[in-house]
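Data first, discussion second: the structure below is written as structure tokens.
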Amino acid sequence: MNDARRWVHPYGTAVEGDFQVSITDALDGWRHTRLRVAALEPGGSVELATGDDEIIVVPLEGGCDVTVVDHAGERHEVRLAGRESVFASPTDIAYVPPGASLTVRAVRGDGVRGIGVRGDGAPARVALCGARAARRPAPLPFRYLAAANVPVELRGAGRASREVRNFGVPGVLDADSIIACEVITPAGNWSSYPPHKHDEERDGVETELEEIYYFEVRADDGAPPGADPVGYQRVYGTAERPIDVLAEVRSGDVVLVPHGWHGPAMAPPGYDLYYLNVMAGPGPVRAWLICDDPAHRWVRDSWAGQDADPRLPMGGAR
């Protein structure tokens with residue numbers, strides 16, 4: 001199958017039940033990570049049995065109430081305040097362990113027009129980031145992480161500047177397998193750069209992780225009616241494991257990285273780019289270790305003495 005058709009899923013092409021985006025191991029060649037996105041009408045809800053997976057509930061737009069009955073029968077309830085949009089700020093999140101039943105319900109109130117929403121819109125769009133949990137002998141507990149406790153990192157410099165919100169990485173959120181974060185790339189900048197990979201287990205150097213990129217884009221203030229926010233994502237392989245993807249992406253699109261070098265993620269002038277990353281793999285240690293493409297590694301050294309883009313951070317303190 002053509003790589004673009006196999007690994008690129010435009011919005012509306014990976015629908016399952018109440019989820020407008022559904023990436024699971026039902027896809028050929030996909031094993032470790034999951035992503036489901038739901039656009040909820042006022043008071044509307046989605047339900048999911050986590051099974052062998054752990055889940056991070058991430059509000060993309062609006063807020064939601066999360067109800068979980070865990071594997072021991074204990075009930076947990078929390079309201080996620082969420083945010084106006086993915087560009088506005090980091091968000092609070094909830095970690096849901098395996099063996100649980102999960103209900104996410106949109107907070108009733110004024111709707112916000114969003115992707116896949118008609119009329120007055122829904123007050124929430126919610127991402128359920130998932131991964132197969134296979135390392136721990138028993139499930140971890142349900143947890144809530146406040147937005148104020150999400151570390152915000154400015155990565156890169158100059159035109160390679162981006163904002164990384166590390167809500168689901170080791171050292172911030174204890175988990176079995178899942179690693180997740182969000183990245184904001186201002187218009188005109190390059191992200192996921194230099195190109196890098198994480199598809200081999202090399203002790204202390206690289207970990208094997210497949211990765212989901214979920215995208216949203218927006219036009220700069222003052223853009224005329226009819227502006228078409230767009231971004232681009234590159235994935236390429238090695239001689240031993242070829243892959244060749246150069247995707248034009250819009251809000252709600254997904255690019256999968258089963259292996260190979262990935263980057264840059266490009267935000268053209270005029271359009272800010274957001275992506276949500278979900279990673280997991282079969283290795284014995286939950287760690288995010290990457291290897292730069294040797295042909296482009298020198299670019300990282302060139303950042304010394306350059307300032308970060310003054311437009312960052314777009315939302316939330318460093």
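Counting from 1, position 111 in the sequence shown corresponds to residue 111 in the UniProt record's numbering; the numbering is continuous, with no gaps. From the three backbone atoms N, C-alpha and C, an ideal C-beta is built for every residue, glycine too. This one's a predicted model, so the numbers in the text were calculated from it and none came from an experiment.
Is it true that the CB of residue j sits closer than 8 angstroms to the CB of residue i?
i: residue 185; j: residue 283; result: no
i: residue 143; j: residue 176; result: no
i: residue 193; j: residue 254; result: no
i: residue 178; j: residue 102; result: no
i: residue 198; j: residue 289; result: yes
i: residue 195; j: residue 261; result: yes
i: residue 17; j: residue 50; result: no
i: residue 4; j: residue 245; result: yes
i: residue 201; j: residue 258; result: no
i: residue 139; j: residue 97; result: yes
i: residue 67; j: residue 130; result: no
i: residue 287; j: residue 231; result: no
Specify, as a first and last residue, the run of the alpha helix (DSSP H) that residue i falls within.
i: residue 299; result: 298–301
i: residue 319; result: Because residue 319 is not part of the residues shown, which for the chain are 1 to 318, the question remains open.
The beta strand (DSSP E) with residue i in it runs from where to where?
i: residue 49; result: 45–49
i: residue 244; result: 244–249
i: residue 143; result: 143–145
i: residue 32; result: No beta strand (DSSP E) contains residue 32, which DSSP labels as neither H nor E.
i: residue 54; result: 53–69
i: residue 153; result: 152–155
i: residue 167; result: 162–168
i: residue 131; result: 124–132
i: residue 263; result: 261–266
i: residue 233; result: 231–236
Quick one: measure Cβ to Cβ for residue i and residue j, integer angstroms, because I've assumed they're closer than 8 angstroms.
i: residue 147; j: residue 85; result: Wrong, their Cβ atoms sit about 14 angstroms apart, outside the cutoff.
i: residue 168; j: residue 162; result: That belief does not hold up - the Cβ atoms of residue 168 and residue 162 are roughly 17 angstroms apart, past 8 angstroms.
i: residue 65; j: residue 105; result: 5 angstroms
i: residue 187; j: residue 267; result: 5 angstroms
i: residue 132; j: residue 280; result: 7 angstroms
i: residue 95; j: residue 173; result: 6 angstroms
i: residue 21; j: residue 252; result: 6 angstroms
Give me the residue from the options with the minimum Cα distance to residue i.
i: residue 310; options: 159, 217 and 236; result: 159
i: residue 233; options: 240, 277, 209 and 224; result: 277
i: residue 37; options: 53, 306, 12 and 245; result: 12
i: residue 92; options: 25, 196, 145 and 139; result: 145
i: residue 153; options: 139, 183 and 170; result: 183
i: residue 81; options: 21, 268 and 61; result: 61
i: residue 41; options: 19, 225 and 48; result: 19
i: residue 223; options: 272, 240 and 239; result: 272
- Task: Run through the stretch 78–112 for me and flag every whole beta strand (DSSP E) of 3 or more residues, listed as ranges in chain order.
- Result: 93–96 and 101–106
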